[in-house]
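So the structure is just underneath, and the comments pick up after that.
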Amino acid sequence: MTEALEINVTKAGTSKLNDLDLENIPFGKYFTDHMLEADYENGEWKNVEIKPYQPLLVEPSLAAFHYGQAIFEGIKAYKNQQGEAFIFRPQDNFTRFNISAERMCMPAVPEEIFLDGMKQLVALDKSWIPGRKDHSLYIRPVMFSTDVILGVKPSESYKFLIILSPTGPYYSEPMKIFVEEKYTRAAPGGVGFSKNAGNYGGSMIAARQARQMGYDQVLWTDPFEHKWLQEVGMMNVFFVVGNKAITPSLEQGTILKGVTRDSAIVLLKEMGLEVEERQISIDELIADFRRDELKEVFGTGTAATVALIRELRYKDTVMKFDTAGSRVAPELRKRLDDIRYGVSPDTHHWMFRVG
């Protein structure tokens with residue numbers, strides 16, 4: 000960490016928390032009392048401040064609206080049993096944020112703004128972190144272009160924000176997933192590895208059509224043959240085959256390098272499973288299922304943590320899984336939660352203390 004940044008702080012007069020029940024909250028609906036804001040102008044970051052959460056005043060010609068230069072991250076803060084606040088692996092999100100920035104021709108955000116600013120903001124709104132199991136404080140850093148002139152070129156000015164949202168479980172039940180063959184999320188040479196807004200906007204039609212058929216999300220396939228598996232919805236995906244956990248490789252740049260994915264790989268190995276990061280096709284998956292070797296399928300991500308999948312449908316083939324008898328995914332989730340909530344020692348140094 001760098002030396003602490005002096006950030007001007009303006010506190011809210013009253014807290015919205017007084018009118019909110021943190022015990023039963025949906026994902027991403029409510030926001031805390033404060034936010035961090037910074038501007039990039041003339042080649043430097045300036046105007047770094049923490050202030051009451053409020054609307055932004057922007058012009059209709061804002062470049063981000065027209066050309067899509069916008070990136071974000073998803074991070075979570077937790078309280079341990081002593082009421083101390085910790086952020087889960089923010090350094091990794093900081094690194095990935097600036098990888099996304101580079102791909103989208105945007106400036107890097109300095110560590111002292113991203114990490115130290117985040118720490119100060121979470122410390123200020125620490126009381127918003129729910130103390131209930133499966134609950135946390137979702138942290139959303141976002142950056143977008145702010146030039147007010149039309150023209151397809153990288154903007155010369157940008158705004159960086161961090162907002163906070165208390166949240167409960169993202170998926171309350173195991174999911175039904177449709178294997179997508181028409182629409183494409185990412186292709187080699189594209190932006191699939193970056194966490195940019197366009198990736199999410201472009202995925203919505205496939206998810207909507209899947210829901211119309213009674214499914215919760217889609218399992219994305221490659222853009223050429225539509226058989227090589229990528230991500231499930233907005234999550235990385237794992238397939239438990241025998242004593243192996245297989246997850247699609249990052250090599251082609253079509254898959255987000257998930258922080259939860261990386262954590263899962265570490266913990267799965269500690270659980271005694273062999274982990275393979277490689278290409279895997281839907282044909283291989285079906286063959287494993289028919290041999291009764293495909294035992295579990297689950298997604299990993301910041302919002303959902305570990306999400307069980309109870310059904311996969313590909314064309315006329317329906318693969319159903321006994322999630323009540325699942326062992327790997329529930330144990331993985333428990334180990335992650337025990338670290339995040341301070342039940343187990345943080346031997347991997349994943350938890351960043353706030354106070």
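The sequence shown begins at 0 in numbering that gives the first Met the number 0 and counts up by one.
No residue lacks a Cβ here, since even glycine has one placed at the ideal position from N, Cα and C.
Small disclaimer: the values here were computed from a predicted structure and weren't measured.
- Secondary structure within the region 209 to 296: the alpha helix (DSSP H) runs of 4 or more consecutive residues, fully enclosed, are 258 to 269, 281 to 289 (chain order).
- The three-state reading of DSSP puts P329 in helix, counting H, G and I together.
- Taking the C-beta atoms as reference points, P109 is found nearer than 8 angstroms to W44.
- When D91, I74, G213, T166 are compared, the shortest CA-CA separation from L19 is found for T166.
- In the three-state reduction of the DSSP assignment, I6 falls in the coil class.
- A186 and S248 have their alpha carbons spaced roughly 13 angstroms apart.
- When DSSP states are grouped into helix, strand and coil, N23 belongs to the coil group.
- In this structure the region 70 to 84 touches the region 114 to 129; the number of beta carbon pairs closer than 8 angstroms is three or more.
- Counting every other CB atom within 10 Å of its CB across the protein chains shown gives I112 a total of 16 or more, marking it as buried.
- Residues of the same chain with a CB within less than 6 angstroms of the CB of R339, apart from the 5 flanking positions on each side, are Y77, F87 in chain order.
- Contact annotation: the region 282 to 299 touches the region 223 to 234, with at least three C-beta pairs closer than 8 angstroms.
- Note on geometry: alpha-carbon atoms of L149 and L61 lie some 8 angstroms from one another.
- Secondary structure of S343 (DSSP, three-state): coil.
- Residue burial is scored here from C-beta neighbours: L163 has at least 16 other C-beta atoms within 10 angstroms and is therefore classed as buried.
- In this structure, the straight-line span from the alpha carbon of A122 to that of K226 is close to 46 angstroms.
- Per DSSP, M117 lies in no beta strand (DSSP E); the unbroken alpha helix (DSSP H) holding it starts and ends at 116 to 123.
- Beta-bridge partners of L136 (DSSP): A76, P165.
- E310 places its beta carbon less than 8 angstroms from that of M318.
- Take V147, set aside five residues on each side of it, and the residues of its chain with a beta-carbon closer than 8 angstroms to its own are E58, S60, L61, A62, in chain order.
- Around the C-beta of N41, fewer than 16 other C-beta atoms lie within 10 Å, and the residue is accordingly described as exposed.
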